[in-house]
Amino acid sequence: MAKKQHPYPEVAMGLEPGPFHSRIAERNVQHSWMNWMGFASPGVLDTVEFEYFAIRNQCTLFDISPMCKYEIEGRDAETVVNRLVTRDVAKLKPGRVAYVIWCDEDGNVVDDGTVFRLSQDRFRLCCQEPQLAWLNDIAWGFDVAVTDASRAVAALSLQGPTSFATLRQAGLGELADLAPFGIRDIAMGEITITVSRTGFTGDLGYELWTAPEHAPQLWDGLMEAGRLHGIRPIGYAAVEMARIEAGFLLPRADFLSSQTALRTDRPRNPLELGLDWLVHFDKPHFNGKRALEKLRHMGVARKLVAIEIDGDKAAHNALVYHGRKREVGMVTSALWSPTCKRNIAFAWLEAPFHDKRANNLWVEIYLQRELEWQRRMARCRIVEKPFFVHSRRTATPPGEF
9 MAKKQHPYPE VAMGLEPGPF HSRIAERNVQ HSWMNWMGFA SPGVLDTVEF EYFAIRNQCT
69 LFDISPMCKY EIEGRDAETV VNRLVTRDVA KLKPGRVAYV IWCDEDGNVV DDGTVFRLSQ
129 DRFRLCCQEP QLAWLNDIAW GFDVAVTDAS RAVAALSLQG PTSFATLRQA GLGELADLAP
189 FGIRDIAMGE ITITVSRTGF TGDLGYELWT APEHAPQLWD GLMEAGRLHG IRPIGYAAVE
249 MARIEAGFLL PRADFLSSQT ALRTDRPRNP LELGLDWLVH FDKPHFNGKR ALEKLRHMGV
309 ARKLVAIEID GDKAAHNALV YHGRKREVGM VTSALWSPTC KRNIAFAWLE APFHDKRANN
369 LWVEIYLQRE LEWQRRMARC RIVEKPFFVH SRRTATPPGE F
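Just so we're aligned, residue 9 is where the sequence shown starts under my numbering, counting upward by one.
Have a look at this one:
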C-alpha cells in the first residue's frame, strides 16, 4: 500500500525532533505539530475523536519526552526535595511516585509535577516548566547534585483499558502487581526500561522511561504487542480531553506560575486551586510555609472549582454570572465529555460563589452559526471532581480487557 502523502510540502518548523519523532511522523497524516519545550509534539495525528475514544476503549501511545526532568541525588536529596515541595516526601518510599506542587515564599504555586523516588538518595522531578535555576537555589549548601535529565530520558505514556494487556503481550506480565504510583525497572527484550503506573488520563495506564537511543525499540515493541489490543498513537488534543475529565489542572491553562505571571495579582496559591490536601503543615520548613499558614486562617477570595453546565455546548473562555447579571468568575478549561455525557469545565469563582451551596450560577457562551455569533446563557452548578472515575485505574492486578 502506497504511503499517504500530505497535500502540502513539508516546511521546517524550527522545532527539534524528539527521540520518537521518526515513528510519530510516519503516522501524522494531519501534519499537525505543536511546540512543547522546543520539541515538535503532535497535536492530532489522524482524527481527534478516534484518538480520544482509543484512550477510553483501547490503549494509546503519547510521547512525553519533552517534559522537564530533573535528577536530585546525594546524601541530602530527601531534605532538598522536602524543602522544595509542600508534600512530605519523607513518607515516600523508594519505588514510589507522588503528585506534588511547590511554591514561592509568598505561598503562590510555582509549578506542579511528579516526584519519583528512585532510591533512598535519588529522586526525579518531572514537570511542565523549566525549574533548574529554582532547584539549584533550593539545593545551595546541601550535599546534593541537581542534573537536568530532560534530554537524557525518553518517555512514552501508554494509557487505556488494554494498556496492561499490551505490556503483557510485550513480555512484561510481571508488572501485574505494580500498584498505582509504583515504579519498577524491567528488561524488555534487549533494553532496560523503567515503568511507572502513572498518567494524565484518569484511566488505567503506565509511563515508560528509557534512554533516547532505545526509543525506536521501545516504540516498535509496544506497537507490535498492542496490535491486537487496538493500540493507537495520539496527539495532544485527545490527551487534553482526557485530562479535563480526569480533573487534572494544567499550568498556563487553569493557573499561572508565579514565575511567569506578569501581574502580581495573577499567581495562585494551593488553597485557591483546591490543592490544600497537598500541603503538609506538620512537616519541617518548606518554601511558602509561613505564607500558607497565614492564608489558611484568612480564607481565600477566589477558588478554582469544577462545574457542570446545562446543554451540550462547551463553555470555552466563558464568563460566569450570578443571577445572569453579576460577573463572578471565568471558565479556564471546558469540554463536552463524550464518555461522561456531561458538559464540564473548570472555573475561577470569587467568594462567596465558590461555595458548593451557591446557586443561580450561569455561564455566557458564544457560538458561531454560519458566520453569525449567538449568545447563550446556560445554567451551571458546582460539582465534585474528577468528572471521570473508573475502578480499572486502581485495580491491582489490572482486569482482563
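Ideal Cβ placement from N, Cα and C applies to all residues, glycine included.
Alpha carbon to alpha carbon, how far is residue i from residue j?
i: L286; j: Y107; result: 8 Å
i: E390; j: A160; result: Reading off the sequence, residue 390 comes out as Ile, not Glu. When rounded, the distance between both Cα atoms is 43 Å.
i: L133; j: D156; result: 10 Å
i: N116; j: D151; result: 27 Å
i: L143; j: D84; result: 13 Å
i: K302; j: H293; result: 14 Å
i: V339; j: H398; result: 26 Å
i: M385; j: G181; result: 51 Å
i: Q139; j: I352; result: 32 Å
i: L100; j: A261; result: 29 Å
i: F395; j: P346; result: 12 Å
i: M306; j: H330; result: 24 Å
i: A10; j: T55; result: For A10, the predicted structure reports a pLDDT of 46, less than 50, and the residue's modelled location is therefore unreliable. A value from the coordinates is still provided. The straight-line gap from Cα to Cα measures roughly 20 Å.
i: C135; j: K77; result: 7 Å
i: R304; j: R64; result: 38 Å
i: E137; j: P220; result: 21 Å
i: T272; j: D363; result: 25 Å
i: G149; j: L183; result: 39 Å
i: S158; j: W356; result: 32 Å
i: N277; j: L379; result: 40 Å
i: A98; j: V89; result: 9 Å
i: D71; j: E34; result: 14 Å
i: G407; j: Q177; result: 15 Å
i: M45; j: T268; result: 15 Å
In its own chain, which residues sit with a C-beta less than 8 Å from the C-beta of residue i, not counting the 5 before and 5 after it?
i: Q382; result: Y374, L375, Q376
i: G190; result: G103, R104, V105, S204, R205
i: S266; result: C111, D112, D114, N116, V117, V118, P275
i: F411; result: Given that the chain is displayed from residue 9 to residue 409, the structure contains no residue 411 and the question cannot be resolved.
i: A366; result: H330, L357, P360, I390
i: S30; result: P224
Can you list, in chain order, the residues of its chain whose CB lies under 6 Å from that of residue i, leaving out five sequence neighbours each side?
i: R274; result: L264
i: S73; result: G26, P27, A162, A163
i: Y60; result: A246, M249
i: A323; result: I317, V339, A342, A353, V371, I373
i: N36; result: P50, L53
i: A223; result: P27, F28, A162
i: A62; result: T68, R240
i: A147; result: V88, V154
i: E79; result: R132, T155, A157
So residue i and residue j are supposed to be a Cβ contact under 8 Å. How far apart are they, rounded?
i: D112; j: G296; result: 6 Å
i: K291; j: D120; result: With 8 Å as the limit, K291 and D120 do not qualify as a contact, their Cβ atoms being about 18 Å apart.
i: Y361; j: S341; result: A small correction: the amino acid at residue 361 is Phe; Tyr does not occupy that position in the sequence shown. That belief does not hold up - the Cβ atoms of F361 and S341 are roughly 19 Å apart, past 8 Å.
i: W344; j: D320; result: 5 Å
i: R401; j: E358; result: With 8 Å as the limit, R401 and E358 do not qualify as a contact, their Cβ atoms being about 33 Å apart.
i: L257; j: L281; result: 6 Å
Would you kindly check if the distance between the Cβ of residue j and the Cβ of residue i is under 8 Å?
i: D371; j: A403; result: Before going on, a small fix: residue 371 reads as Val here, not Asp. Cβ distance not < 8 Å, so V371 and A403 don't count as in contact.
i: E392; j: R350; result: no
i: L279; j: V308; result: yes
i: M196; j: G168; result: no
i: R104; j: R125; result: yes
i: V123; j: F131; result: yes
i: W41; j: L69; result: no
i: P102; j: Q128; result: yes
i: A48; j: M21; result: yes
i: D185; j: P405; result: yes
i: A153; j: E81; result: yes
i: T218; j: I199; result: yes
i: P50; j: G179; result: no
i: I32; j: P241; result: yes
i: D114; j: A299; result: yes
i: Y214; j: L270; result: no
i: L369; j: C388; result: yes
i: T4; j: H288; result: Nothing about residue 4 can be read from this structure; the chain reaches only from 9 to 409.
For residue i, which residues of its own chain have a beta-carbon under 7 Å away from its beta-carbon, when the five flanking residues on both sides are left out?
i: L283; result: I109
i: A173; result: H237, F409
i: L216; result: A163, L164, L166, I201, V203, L226
i: D193; result: T200, T202
i: N43; result: L23
So is the beta-carbon of residue i under 7 Å away from any non-hydrogen atom of the ligand FMN?
i: R271; result: Of ligands this structure carries none, so the ligand FMN is not represented either.
Report yes or no: do the segment 326-334 and the segment 224-236 share at least 3 C-beta pairs separated by less than 8 Å? no
So does the segment 247-254 actually touch the segment 206-223, counting three or more Cβ pairs closer than 8 Å? yes
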